[in-house]
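Asker: Protein chains in written order, with our numbering: chain G, 1 to 370; chain U, 371 to 883.
Cβ coordinates follow ideal geometry from the N, Cα and C atoms, glycine included.
Here the structure is a predicted model, which is why all the values come from computation and not from measurement.
1) Please confirm if residue 119 of chain G has its CB atom under 9 Å from at least one CB of chain U.
2) Could you name the residues of chain G that residue 661 of chain U contacts, counting a contact when the two beta carbons are closer than 9 Å?
3) Are any of the Cβ atoms in chain U nearer than 9 Å to that of residue 122 of chain G?
4) Name the residue from G:293, G:139, G:105, G:227 whose alpha carbon lies nearest to the alpha carbon of residue 366 of chain G.
5) Evaluate residue 740 of chain U with the Cβ neighbour count: other Cβ atoms within 10 Å of its Cβ, from every protein chain shown; 16 or more gives buried, anything less gives exposed.
6) Please name the residue, chosen from U:786, U:753, U:674, that lies closest to residue 519 of chain U on a Cα-to-Cα basis.
7) Please give me, in chain order, every unbroken run of the beta strand (DSSP E) with length at least 3 that falls completely inside the segment 542-603 of chain U.
8) Report the rounded CA-to-CA distance for residue 864 of chain U versus residue 829 of chain U, giving the unit in angstroms.
9) Ends of the beta strand (DSSP E) at residue 128 of chain G?
10) Which ranges would you report for the beta strand (DSSP E) in the segment 198-233 of chain G if only whole runs of at least 3 residues count?
11) So for residue 352 of chain G, helix, strand or coil by DSSP?
12) Going straight from the alpha carbon of residue 344 of chain G to that of residue 336 of chain G, what length do you get?
13) Using a Cβ cut-off of 9 Å (strictly closer), state whether residue 807 of chain U contacts chain G.
14) What is the DSSP secondary structure of residue 438 of chain U, reduced to helix, strand or coil?
15) Kindly give me the distance between the Cβ atoms of residue 621 of chain U and residue 550 of chain U, rounded to whole angstroms, as I take these residues to be in contact under 8 Å.
16) Taking buried to mean at least 16 other C-beta atoms within 10 Å of its own C-beta, is residue 401 of chain U buried or exposed?
17) Going by CA-CA distance only, name the one from U:559, U:553, U:599 that's closest to residue 584 of chain U.
18) Could you work out which residues of chain G lie near residue 693 of chain U, taking near to mean beta carbons separated by less than 8 Å?
19) Under 8 Å by Cβ, that's how I've got residue 500 of chain U and residue 521 of chain U pegged, so tell me the actual separation to the nearest angstrom.
20) When the distance is taken between beta carbons, is residue 37 of chain G closer than 9 Å to residue 375 of chain G?
21) Measure the beta-carbon distance from residue 867 of chain U to residue 573 of chain U and round it to whole angstroms, keeping in mind my assumption that it falls under 8 Å.
22) Name the DSSP beta bridge partners of residue 674 of chain U, please?
23) Under the rule that 16 or more other beta-carbon atoms within 10 Å means buried, what is residue 839 of chain U, buried or exposed?
24) Within 9 Å of any Cβ in chain U, is that where the Cβ of residue 144 of chain G sits?
25) Would a check of beta-carbon distances place residue 239 of chain G closer than 9 Å to chain A?
26) Look up residue 633 of chain U in the DSSP assignment and give the residues it is bridged to.
27) Kindly say whether residue 623 of chain U, judged by its beta-carbon, lies nearer than 9 Å to any beta-carbon of chain G.
28) Between G:134, G:98, G:118, which has its C-alpha nearest residue 107 of chain G's C-alpha?
29) I believe residue 567 of chain U touches residue 635 of chain U by the beta-carbon criterion, under 8 Å. Please report the beta-carbon distance rounded to the nearest angstrom.
30) With DSSP collapsed to three states, give me the class of residue 39 of chain G.
31) Whole beta strand (DSSP E) runs in the segment 120-182 of chain G with 3 or more residues, listed along the chain?
32) Could you check whether the segment 775-793 of chain U touches the segment 680-691 of chain U, counting it as contact only if at least three pairs of C-beta atoms, one from each stretch, sit closer than 8 Å?
33) Per DSSP, what kind of secondary structure is residue 262 of chain G in: helix, strand or coil?
34) Among the residues of its own chain, which have a CB less than 8 Å from the CB of residue 168 of chain G, if the five just before and after it don't count?
35) Could you work out which residues of chain U lie near residue 180 of chain G, taking near to mean beta carbons separated by less than 8 Å?
36) Measuring only the C-alpha atoms, how far is residue 3 of chain G from residue 536 of chain U?
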């Protein structure tokens with residue numbers, strides 16, 4: 001009986017000891033809400049994080065945050081260095097946004113720094129990624145915007161602009177390098193009067209940023225890429241493109257998008273792309289208010305279609321120049337023309353591709369009731 | 371378990387040998403012809419107990435004496451059923467004179483003494499080698515009121531009381547069938563408590579009845595005063611956390627179970643009736659389910675089953691989340707919880723144990739106190755301690771929320787024993803969660819599930835409509851479909867007749883169009 005008791009005690013002790021190793025108490029962790037990467041001196045990485053804290057008192061809770069910045073050899077090294085600087089143990093499991101400084105993505109390959117995110121099981125794979133004009137550190141050092149911490153602010157900013165189809169939905173997971181045949185674009189943030197704001201999207205060629213698109217262009221770009229999210233609004237001139245009178249603007253909301261992308265290869269190996277967009281839109285704002293006349297409505301449809309087609313062509317031109325294959329033409333070639341793909345020097349070939357872009361627009365509704 | 375087994379088997383051997391001696395029947399002693407001899411024998415047999423009354427009687431010029439125990443006999447009945455007829459009698463035949471319902475003519479004096487203990491008055495006559503035992507027991511029943519612990523909103527409001535006679539009557543009142551059989555037992559070598567099992571002869575499985583009969587007969591103990599004592603003797607596994615016999619004080623519940631082919635055990639002196647065999651789900655059924663319509667009944671049942679999981683695993687889940695897997699918390703909640711957990715000095719498991727024990731203390735304290743003070747305990751506990759404990763910094767707000775939710779969920783269980791088992795089981799689950807996180811919870815719940823699947827109640831599977839799986843029975847175990855859908859009885863007690871109603875409203879049988 002005494003031996004049985006001893007077995008029971010030893011068993012219980014073994015059980016109790018082996019689990020505690022993996023314990024990760026919430027109260028001892030410091031959680032990063034936003035992190036930024038900038039190039040440091042001598043090929044090092046300047047990593048900046050903002051650690052968010054909520055102190056609950058009887059009168060309510062208060063948000064605070066602290067910013068730490070280290071110069072490290074790699075992302076994991078940066079974590080070690082940060083851990084030596086902050087009070088609890090470092091954790092990025094609840095990180096919401098990863099900011100990349102413009103210089104970082106223009107002149108350096110960022111992928112090695114992301115590697116650790118794909119290995120750690122607690123990695124925040126759904127954290128959003130954005131590019132900042134200037135240094136990411138400067139944006140994180142803003143710390144608070146109103147009563148919100150910078151991490152929360154940028155996260156919510158990106159979330160709402162994603163929903164309005166201003167920026168693409170990108171997170172660490174969708175950026176994984178295995179997703180080939182396709183160039184990604186990231187939201188592009190600027191600091192405007194001390195407040196972070198979206199100024200469009202940054203186009204990438206491979207892992208390097210090559211160009212940016214403005215807000216109007218980015219919307220149309222996302223339409224052309226077939227990435228329309230919950231809603232998408234376009235404000236354009238309704239009559240004459242050169243005049244600017246406050247009566248001459250119209251805002252439409254895209255209700256339905258039909259996109260046709262066709263990649264053809266001719267006998268002499270000339271690649272051409274036919275991209276055709278058909279939009280069914282609702283007029284949201286129209287100060288002139290003559291749309292009950294069919295003729296005016298058709299005129300408007302034609303004007304807007306022409307306008308959008310021209311803009312689309314300009315975007316394609318810009319993409320060519322930036323060597324940015326955002327529509328995944330390469331992927332289609334890989335799968336449908338594998339022999340040709342093996343012979344191609346894609347970086348040289350891509351700007352040569354003929355794009356035949358057209359946008360047609362149809363107004364399906366002009367009022368409030370649908 | 372080995373050393374426990376040793377300990378207990380040891381004990382059992384001792385009590386067995388002791389009990390054997392107790393059981394030897396007293397040798398027969400016949401009524402003597404001398405009145406004085408009889409009186410002095412009874413007096414000696416009862417060790418001159420003070421409540422033995424001997425009243426001399428003159429009956430048609432015969433000397434006699436009426437002996438009874440004043441503590442168990444009703445003097446009004448003695449007067450009415452014995453003295454009055456005797457005094458006005460003109461006949462020599464006592465059988466005709468005594469008008470009581472139960473009169474026994476005895477020649478065995480020992481038997482007569484036993485009957486005196488049970489509330490009989492015994493009449494001895496000079497020169498006769500026989501005596502008359504007349505039942506004049508004092509009946510002090512409480513009224514048939516709704517049981518405090520099993521209240522329903524709708525439906526019958528009667529409940530069992532401490533008298534088995536009344537309880538049997540309440541059952542018979544609802545089942546007017548000649549198949550309703552009562553088997554009587556006298557239990558306890560010293561207490562001699564009356565008990566009876568009740569079942570429907572054409573429904574209950576005869577093997578089941580025999581098994582129950584066997585187990586009751588095997589019990590050899592001095593004290594079997596109430597069903598609670600007997601329960602542990604006859605249940606399958608006393609060390610299982612789950613109760614295997616349903617206790618109820620509601621006649622309607624007993625009747626409904628009898629009609630499913632189960633057996634009920636009633637005992638003198640306790641309002642609790644034992645129903646066996648039962649399944650796990652019987653403890654989550656309330657008579658209210660059957661008194662409301664099927665949609666409402668089903669909703670309530672699902673709610674109760676859901677409460678089982680909350681009561682069992684919610685604190686464990688919270689502990690696992692804050693000590694292992696905090697990344698599963700949504701972001702805003704995450705920082706909120708983090709903010710309030712940060713300043714707590716203890717690990718989450720201690721925090722939870724402290725709060726759970728406080729709640730159990732409050733409940734226990736509130737139960738023992740008379741109701742006006744009991745309420746103030748609730749206020750002190752709920753409001754003052756709940757708030758102060760957070761301000762002091764012993765426990766965090768989320769933990770208070772979790773523990774309070776858990777406590778409420780454990781109150782939902784309609785049966786008290788099941789509520790106790792859930793409250794007990796949650797501690798091992800909590801410890802497992804504190805040691806291994808979600809993995810620990812999974813292990814603990816798996817162990818509980820395995821135990822549930824293995825457990826039997828009188829040879830029938832305890833986790834019945836789920837393991838062994840019988841989807842047909844789910845419609846009365848997990849949800850409650852309308853009565854006309856419940857064509858068959860549950861299979862788990864193996865009733866002799868499975869069909870309980872013939873599709874009244876179902877397709878093809880519907881003559882209302």
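Answerer: In this structure, then:
1) The residue you call residue 119 of chain G lines up with position 119 of the first chain. Residue 119 of chain G does not count as touching chain U.
2) Position 291 of the second chain, counting from 1, holds the residue named residue 661 of chain U. Under the 9 Å cutoff, chain G gives no residues; its nearest Cβ is about 45 Å from residue 661 of chain U.
3) Taking the first residue of the first chain as 1, we reach residue 122 of chain G at position 122. With 9 Å as the cut-off, residue 122 of chain G counts as an interface residue toward chain U.
4) Working through the first chain from its first residue, we reach residue 366 of chain G at position 366. That would be G:293, whose Cα lies nearest to the Cα of residue 366 of chain G.
5) In the second chain, counting from the first residue as 1, residue 740 of chain U sits at position 370. Exposed, because fewer than 16 other Cβ atoms sit within 10 Å of the Cβ of residue 740 of chain U.
6) For the purposes of this step, residue 519 of chain U is identified with residue 149 of the second chain, where counting begins at 1. Of the candidates U:786, U:753, U:674, the one whose C-alpha sits nearest the C-alpha of residue 519 of chain U is U:786.
7) 550-557, 563-570
8) Residue 864 of chain U sits at position 494 when you count from the first residue of the second chain. Residue 829 of chain U sits at position 459 when you count from the first residue of the second chain. Going from the Cα of residue 864 of chain U to the Cα of residue 829 of chain U covers about 10 Å.
9) Residue 128 of chain G sits at position 128 when you count from the first residue of the first chain. Counting along the chain, the beta strand (DSSP E) containing residue 128 of chain G begins and ends at 128-132.
10) 208-213
11) The sequence position of residue 352 of chain G within the first chain is 352, counting from 1. Of the three classes helix, strand and coil, the one that applies to residue 352 of chain G here is helix, per DSSP.
12) Taking the first residue of the first chain as 1, we reach residue 344 of chain G at position 344. Taking the first residue of the first chain as 1, we reach residue 336 of chain G at position 336. Using only the alpha carbons, I get a separation of about 14 Å.
13) Along the second chain, read from residue 1 onward, the residue named residue 807 of chain U stands at position 437. Closer than 9 Å to some Cβ of chain G, the Cβ of residue 807 of chain U qualifies, so yes.
14) Taking the first residue of the second chain as 1, we reach residue 438 of chain U at position 68. The answer is strand: DSSP assigns residue 438 of chain U an E or B state.
15) Numbered from 1 along the second chain, position 251 holds the residue referred to as residue 621 of chain U. Numbered from 1 along the second chain, position 180 holds the residue referred to as residue 550 of chain U. That belief does not hold up - the Cβ atoms of residue 621 of chain U and residue 550 of chain U are roughly 13 Å apart, past 8 Å.
16) What you label residue 401 of chain U is simply residue 31 of the second chain in a count that begins at 1. Residue 401 of chain U should be labelled buried.
17) By 1-based counting over the second chain, the position of residue 584 of chain U is 214. Out of U:559, U:553, U:599, U:553 has the C-alpha closest to the C-alpha of residue 584 of chain U.
18) Translated into positions along the second chain, residue 693 of chain U becomes position 323. Under the 8 Å cutoff, chain G gives 23, 24, 25, 26.
19) Locating residue 500 of chain U in the second chain gives position 130, counting from the first residue. Locating residue 521 of chain U in the second chain gives position 151, counting from the first residue. In fact, because the Cβ distance is near 52 Å, the residues do not count as touching under 8 Å.
20) For residue 375 of chain G there is no data in the structure shown, the boundaries of chain G being 1 and 370.
21) For the purposes of this step, residue 867 of chain U is taken as the residue at position 497 of the second chain. For the purposes of this step, residue 573 of chain U is taken as the residue at position 203 of the second chain. Residue 867 of chain U to residue 573 of chain U, Cβ: 6 Å. Contact.
22) Residue 674 of chain U sits at position 304 when you count from the first residue of the second chain. Bridge partners of residue 674 of chain U: none, in fact.
23) Locating residue 839 of chain U in the second chain gives position 469, counting from the first residue. Answer is exposed; the Cβ neighbour count stays below 16.
24) Here residue 144 of chain G corresponds to residue number 144 of the first chain, with the count starting at 1. False, the Cβ-Cβ gap to chain U never drops below 9 Å.
25) In the structure shown, chain A does not exist; the protein chains are G and U.
26) By 1-based counting over the second chain, the position of residue 633 of chain U is 263. The partner list for residue 633 of chain U (beta bridge, DSSP) reads U:646.
27) Locating residue 623 of chain U in the second chain gives position 253, where the first residue counts as 1. Answer no: the Cβ-Cβ gap between residue 623 of chain U and chain G never drops below 9 Å.
28) Sequence index remark: in the first chain, residue 107 of chain G carries index 107 (1-based). Cα-wise, what sits closest to residue 107 of chain G is G:134.
29) Position 197 of the second chain holds residue 567 of chain U. Position 265 of the second chain holds residue 635 of chain U. The pair is a contact, with the Cβ atoms about 5 Å apart (cut-off 8 Å).
30) Here residue 39 of chain G corresponds to residue number 39 of the first chain, with the count starting at 1. In the structure shown, residue 39 of chain G sits in a strand (DSSP, three-state: E or B).
31) 128-132
32) yes
33) Taking the first chain and counting its residues from 1, one reaches residue 262 of chain G at position 262. If DSSP states are grouped into helix, strand and coil, residue 262 of chain G belongs with the strands.
34) Translated into the one-based positions of the first chain, residue 168 of chain G becomes position 168. So the qualifying residues of the chain are 162, 184, 185, 186, 187, 201, 222, 225, 227.
35) Sequence index remark: in the first chain, residue 180 of chain G carries index 180 (1-based). Within 8 Å Cβ-Cβ: nothing; residue 180 of chain G doesn't reach chain U, min ~29 Å.
36) The count along the first chain starts at 1 and reaches residue 3 of chain G at position 3. The count along the second chain starts at 1 and reaches residue 536 of chain U at position 166. Going from the Cα of residue 3 of chain G to the Cα of residue 536 of chain U covers about 54 Å.
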